[in-house]
Amino acid sequence: MATITDRPAPTATGNGPAKRKRSKAVSLSERRPGFTVYGILIAFILGSAFPFYWSFLVASHDDATFTADAPLLPGGRFFVNAGRVLDTIPFWKALGNSVIVSGTVTISVVVLSTLAGFAFAKLRFKGRGPLMVFVVATLAVPTQLGIIPLYMVMAEYGWSGTLGAVIVPNLVTAFGVFWMRQYIADAVPDELIEAARMDGCSMIRTFWHVCLPAVRPAAAMLGIFTFMMSWNDFLWPLIVLNADNPTMQVALEKLQSGYYVDKTLVLAGTTMATVPILIVFLVLGRQIVAGIMQGAVKG
Amino acid sequence: MRYRRAGLAKVLACTAVLAAVATACGSGGSGTSPDGKVELTIATFNEFGYEELLKEYEAANPNVKVTQRKTGQAAPHHQNLFTKLGAGSGLADVEAVEEGFLSQVMAKSGQFENLKEIGPKDVREDRWLQWKVDAVTTKDDKLIGYGTDIGPLAMCYRKDMLEAAGLPSDAEGVKALFATWDSYFQAGDTYVQKTGKPWFDSAAQIFNPMHNQEDTGYFDRDDKLVIETNGDKKIFDQVTGAVARGQSAKLSAWSPEWQKGFKESAFATKTCPSWMLGVIEGNAGPEHKGKWAVTAAFPGGGGNWGGSFLTVPKQGKNKAEAAKLAAWLTAPEQQIKAFKAKGTFPSQTEALISPELLNQTSEYFGGEKVGMLFSEQANKVAAAQYKGPKDGEIQDNVVSPALTSVEQGTSPEEAWKQVIEGAKKAAK
Amino acid sequence: MTTELSVARGRGAEPRPPRRDDNDDIGPGKLSLRYRLNRLDVKVSPYLYIAPFFVLFAVVGLFPLLYTAYISLFEWELGADEQPFIGIENYTALLADSQFWNAMVNTFSIFAISTFPQVVIAVLLAALLNTALRGRTGWRMGVLLPYVASLVALTIIFGDLFGVQYGTINNVIEFFGFDRIDWQAERWWSHVAIATMVNWRWTGYNALIVLAAMQAIPRDVYEAAWVDGASKVRQFLSITLPMLRPTLIFVIVTSTIGGLQIFTEPLLFSPSAGANGGATNQYQTVVLYMYQAGFQSQDLGYASAMAWVLFIVIIAIAGINFLLTRRLASSGEA
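Protein chains in written order, with the working numbering: chain S, 1 to 299; chain C, 300 to 727; chain U, 728 to 1061.
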């Protein structure tokens, strides 16, 4: 009954998680890295974190003081500006909508992409190659013009104005399918799947008990990316949602009304909208590390 | 652990679906609500100052419920407008259109209701300044929008910087400087020679008002492109000549550099529609309070830059009710309230003589009576220049970039060739 | 991993006995039923698993795609009263449009100076992150921060950095005695500035993707190499890189597809100039031009033709890239 397996993965053969042993010898790569490594990483992260610090910096000042002379230290007006944001836009409603939209999309993309990725990587079926090429090809379609016909579809189904119109088109992505396929191809050894099948597992149980645990890091990564992408999506929600029922990015855009843009207000809003993402980061970040670190040598 | 997470995920997913369904049931398209009320939507951008007015309208018309869809900036608002025009559904019952996008909307006037037909009969065209009405009247005499606000042009300048260059800086003295475009550029030369600093922010900001003062725009009334034969070449040469003599600070409007330029005192004068005062105040900051002044002396008379209209798209359901709402909102009494709420300068003749408007002053601009000043400027505007279907596109994507390219080192001859080619391509 | 696997196996065995026992315990009739069910499971499951993607695509993806193809054959002005059929005229006009070819060159230029350094840096960064750092989660999540940053904040920040007259970078350049660079006017420098924005936003993201794949490489392979006395660099070249093959293919294919559709960064680079991509279109990319044609010039038919030509170009380049990557990544294996 080994017919379900793909070509043997060229690299992982014989080295499945089951056989990974905790080595007594500390390998070279597990030695604590030196200052150079930390130095490079610190420089990289400073560069990455700069916009956040800068946004907070601006948001914590008075518009007038900020325009007068750019200070390098945060001021004490962040909560004043945050209060103005709450007065200007339906922040909590937008937050709730964004959590619902991004949360649903994320869960759905991870589950459906992993399922499809598993099928493409490990199961044998007719048309697998061409279908996979088709999935990747859909990535190459520029989406900018698609909003007009997509809006027509949504209007036809009567979905425009509902959160469903933002959720449904993103329930599973070609990107997710491709990513999970590539990861599963090597990270899940064929032997494991064979073994599970030999033990009488159905396909779905094999997927659930063998594939899912092995792809947790990749799934968490996909989750983070998807959440972020969905959270920052602007144009489509702007067009398809009603203004009284917005997602976060659509609501934030209203902070920029008027000919003169008050940067302290705008950046207070963007900073507040980033906090939920950072929380997701921390939660899923631990997941990633937890998933990866099992079986690793403690240094 | 794993199972609990999955459970949570399931709950989340179900909640989401429920929420989606619930909203789906809650909001339909515009039409009539279950309790028999007429439901109207109005889509605006920026600040129209309509929040309180709409409540007032609902109170006066208990059978009507109005929802306002607000977008912050003009660009996404119009992107939404054109997307839904293309898709054939989804627009609000009343859609606001900004002057800069008007030529594109006029080119699709078939998609909008003729307000002369479906609007209330008591709305007369003399409610507005004549040029405001003309701008939104099609060639076959259909009125597709009611005017809301306008942006009459004045000139803003830095008193201290003019003084430093030995130029007159009081209201009387600058009249001679800003009498004509020739005197404006001449004063610029003096200023540049004395201080070595630029005179205005960027070429496009000077070219556009000069172009708008011409009798004929990029197109004649038969929609034939006339950019090679109208006055534009002369204006182009005048402006690029000033650029060559160092008068331009080369800061493209609305760029971050431009915003900083106000603070850095990078230029001494600025073409100044009414709504620009707030932009200057915000960008230049409190340290320049009292240094900026505004004068009704504008080269070549006056002009208009900006302002909006309320239109009724044909795809809506309650078009007569929508027109009624738009007519009420653009009545002088309401527009004065909007002006008080958000500073939108009214386009209605009666509103322009209201004491509330005329008594408005600006502390930042040295206590100037800006209400009266811009009211006068609005009345100075001559006839509306005819705008062809691709007018806005030629302005934004052809002429302005060409002027910027001159500021970046392209020769004026080369840039003018670029203008002709680009305009022909856009008008094809 | 070890514990989870045994759990899986144990649970899998519980509800029904392993198949090799079937012959002994169960009669032949039951066997064939189970066998048939099993065959059905093997045959149908794959299609069930990939179905959600294809069904969803059919519902929300296919119509827009066909619609775009359809209207590319018309002179389709957004919202106009008449939309005359013009056959392939949009395509012939496009191929003769110098602005289109200019945009194509810009796209490839920006793509080249962003993608290749980005992938190399991402792999090296992943290698650094793969060491036994203190506080791993923090470092890993840290490099992903640019991906979270709001576009509004980025527009303002990059405007400050790459400003021609007051920009921070030019101030630094001038401080060291060099001439200020006109990031807007000079074609090459504008591409460099935009590529910098792209790299800044996407390098950490790609690094994490590569890192996840690195983590999946079994440790004992390295240990064996270490015992054989292979240097770290050698280990990286002959173990890590070849084993990253599927992921590198993924990164390069998606970067290619994404890079050739580059839109956001050039748009952000000139918040005041709209989709024009500079005064002489010096950094207008194909998608930016498409967007301009579709929504600003409202020539949707023409924009759709552009979308399809771009689609074909991307598929061709991605295909070539895929083959090249496969070559390169496998050459280290020997």
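Using N, Cα and C, we set each Cβ at its ideal position, and we do this for glycine too.
These numbers come from a predicted model, not from an experiment.
Among the options, nearest to residue i - alpha-carbon criterion
| i | options | result |
| --- | --- | --- |
| Ala54/S | Ala880/U, Leu764/U, Phe827/U and Ala823/U | In the sequence as presented, Ala is not what sits at residue 54/S; that position holds Trp. For the residues Ala880/U, Leu764/U, Phe827/U and Ala823/U, the minimum Cα distance to Trp54/S belongs to Ala880/U. |
| Leu938/U | Ala1045/U, Ile1047/U, Leu871/U and Ala823/U | Leu871/U |
| Glu992/U | Glu809/U, Gln1025/U, Asn833/U and Ile798/U | Asn833/U |
| Ala395/C | Tyr349/C, Leu466/C, Thr594/C and Glu462/C | Tyr349/C |
| Lys126/S | Ile840/U, Glu901/U, Tyr774/U and Pro873/U | Tyr774/U |
| Ser965/U | Ile944/U, Ala934/U, Val978/U and Leu1027/U | Ile944/U |
| Phe347/C | Tyr259/S, Val99/S and Val101/S | Tyr259/S |
| Leu805/U | Phe1022/U, Ile848/U, Phe1049/U and Gly788/U | Phe1022/U |
| Ser841/U | Asn1048/U, Ala876/U and Ala922/U | Ala922/U |
| Leu252/S | Thr270/S, Asp262/S, Ser98/S and Lys263/S | Thr270/S |
| Ala218/S | Met180/S, Phe207/S and Glu194/S | Met180/S |
| Leu935/U | Leu855/U, Phe812/U, Asn765/U and Ser772/U | Leu855/U |
| Val188/S | Gln942/U, Ile815/U and Leu792/U | Gln942/U |
| Ala912/U | Ser551/C, Asp433/C and Val432/C | Ser551/C |
| Phe175/S | Phe780/U, Asp1026/U and Ala1032/U | Phe780/U |
For residue i: DSSP bridge partner residues
| i | result |
| --- | --- |
| Trp265/C | Since the first residue of chain C shown is 300 and the last is 727, residue 265/C is not available in this structure. |
| Glu338/C | Lys364/C |
| Cys571/C | Ala453/C |
| Pro612/C | Phe411/C |
| Val396/C | Phe608/C |
| Phe801/U | Phe812/U |
| Trp915/U | The partner list for Trp915/U (beta bridge, DSSP) is empty, contrary to what the question assumes. |
| Gly446/C | Phe608/C |
| Phe518/C | Leu524/C |
| Phe499/C | Ser547/C and Thr568/C |
| Lys730/C | Absent from the model: residue 730/C. The displayed extent of chain C is 300 to 727, so no value can be given. |
| Thr436/C | Leu442/C |
| Asn603/C | Pro451/C |
| Asp1026/U | Glu804/U |
| Trp427/C | Gln647/C |
Distance between beta carbons of residue j and residue i, contact taken as under 8 Å
| i | j | result |
| --- | --- | --- |
| Phe499/C | Lys569/C | 7 Å |
| Val697/C | Val718/C | 6 Å |
| Lys562/C | Ala583/C | 6 Å |
| Gly545/C | Gly687/C | Gly545/C to Gly687/C, Cβ: 34 Å. No contact. |
| Leu368/C | Asn242/S | Reading the sequence as shown, one finds Arg at residue 368/C and not Leu. Rounded, the Cβ-Cβ distance is 6 Å, consistent with contact. |
| Pro612/C | Ala1006/U | Contact flag wrong, Cβ pair sits at about 35 Å. |
| Pro213/S | Met1017/U | With 8 Å as the limit, Pro213/S and Met1017/U do not qualify as a contact, their Cβ atoms being about 43 Å apart. |
| Ala830/U | Gln1011/U | 5 Å |
| Leu171/S | Ser772/U | About 20 Å separates the two Cβ atoms, so there is no contact after all. |
| Ile984/U | Ile1041/U | 6 Å |
| Leu995/U | Phe885/U | 7 Å |
| Thr113/S | Thr173/S | Correcting the residue type first, residue 113/S is Ser in the shown sequence and not Thr. Confirmed, about 7 Å. |
heavy atom of the ligand MG below 7 Å from residue i C-beta
| i | result |
| --- | --- |
| Thr643/C | Looking at this structure, you won't find the ligand MG or any other ligand, since it has none at all. |
* Asked: For the segment 880-907 of chain U, which segments carrying the alpha helix (DSSP H) assignment without a break, of at least 4 residues, lie completely within its bounds, in sequence order?
  -> Listed in chain order, the complete alpha helix (DSSP H) runs (minimum 4 residues) inside the segment 880-907 of chain U are 895-902.
* Mind checking the segment 557-579 of chain C against chain S and listing, in chain order, the residues whose C-beta falls within less than 7 Å of any C-beta there? => Cβ contacts with chain S: Lys562, Trp574, Gly577 and Val578.
* **Near-chain S residues of the segment 378-389 of chain C (beta-carbon distance less than 8 Å), N- to C-terminal order** => Listed by position along the chain: Gln378, Asn379, Thr382, Lys383, Gly385, Ala386, Gly387, Ser388 and Gly389.
* Given a limit of 7 Å on CB to CB distance, which residues of the segment 868-887 of chain U reach chain C? -> For chain C, the residues of the segment 868-887 of chain U that bring a beta carbon within less than 7 Å of one of its beta carbons are Ile883, Gly886 and Asp887, in chain order.
* **Residues in the segment 352-371 of chain C having any Cβ partner in chain S nearer than 8 Å** => Of all residues in the segment 352-371 of chain C, those with a C-beta nearer than 8 Å to a C-beta of chain S are Thr366, Gln367, Arg368, Lys369, Thr370 and Gly371, reading in chain order.
* What residues in the segment 916-931 of chain U bring their beta carbon closer than 9 Å to a beta carbon of chain S? -> Per Cβ criterion, the list reads Trp927, Thr930 and Gly931.
* Those runs of the alpha helix (DSSP H) which lie wholly inside the segment 625-667 of chain C and span at least 4 residues -> Taking only runs of at least 4 residues, the alpha helix (DSSP H) segments lying wholly in the segment 625-667 of chain C are 631-641 and 654-657.
* Using a Cβ-Cβ cut-off of less than 8 Å, list which residues of the segment 931-944 of chain U approach chain S; keep chain order. => Of all residues in the segment 931-944 of chain U, Gly931, Tyr932, Leu935, Ile936, Ala939, Ala940, Gln942, Ala943 and Ile944 have a Cβ within less than 8 Å of some Cβ in chain S.
* To do: Taking a Cβ distance cut-off of 7 Å, strictly less, list which residues of the segment 785-812 of chain U are near chain S, in chain order.
  => Residues passing the 7 Å Cβ filter: Val787, Gly788, Phe790, Pro791, Leu792, Tyr794 and Thr795.
* Could you tell me which uninterrupted alpha helix (DSSP H) segments, each at least 4 residues in length, are contained entirely in the segment 913-954 of chain U, listed from first to last along the chain? => Those alpha helix (DSSP H) runs which fall completely within the segment 913-954 of chain U and span 4+ residues are 914-942 and 946-954.
* To do: Check each residue of the segment 174-186 of chain S: if its Cβ is closer than 8 Å to any Cβ of chain U, include it; give the result in chain order.
  => Contact residues of the segment 174-186 of chain S toward chain U are Ala174, Phe175, Val177, Phe178, Trp179, Gln182, Tyr183, Ala185 and Asp186 (C-beta to C-beta distance below 8 Å).
* Which residues, in chain order, does the segment 223-248 of chain S contribute to contact with chain C at a C-beta distance below 7 Å? -> Residues passing the 7 Å Cβ filter: Leu238, Ile239, Asn242, Ala243, Asp244 and Asn245.
* Which residues, in chain order, does the segment 262-291 of chain S contribute to contact with chain U at a C-beta distance below 8 Å? -> Residues passing the 8 Å Cβ filter: Lys263, Val266, Leu267, Thr270, Ala273, Thr274, Ile277, Leu278, Phe281, Leu282, Gly285, Arg286, Ile288 and Val289.
* Quick one: which residues of the segment 576-601 of chain C get their C-beta closer than 9 Å to a C-beta of chain S? List them in chain order. => Under the 9 Å Cβ criterion, the segment 576-601 of chain C contributes Gly577, Val578, Ile579, Glu580, Gly581, Asn582, Ala583, Gly584, Pro585 and Glu586.
* Residues within the segment 1026-1040 of chain U neighbouring chain S, beta-carbon criterion of under 8 Å -> So the list reads Leu1027, Ala1030, Ser1031, Ala1034, Leu1037 and Phe1038, given in the order they occur along the chain.
* **Contact list for the segment 989-1022 of chain U against chain S, Cβ threshold 9 Å** => Against chain S - using a Cβ distance shorter than 9 Å - the residues of the segment 989-1022 of chain U are Phe990, Val1013, Val1014, Met1017, Tyr1018, Gly1021 and Phe1022.
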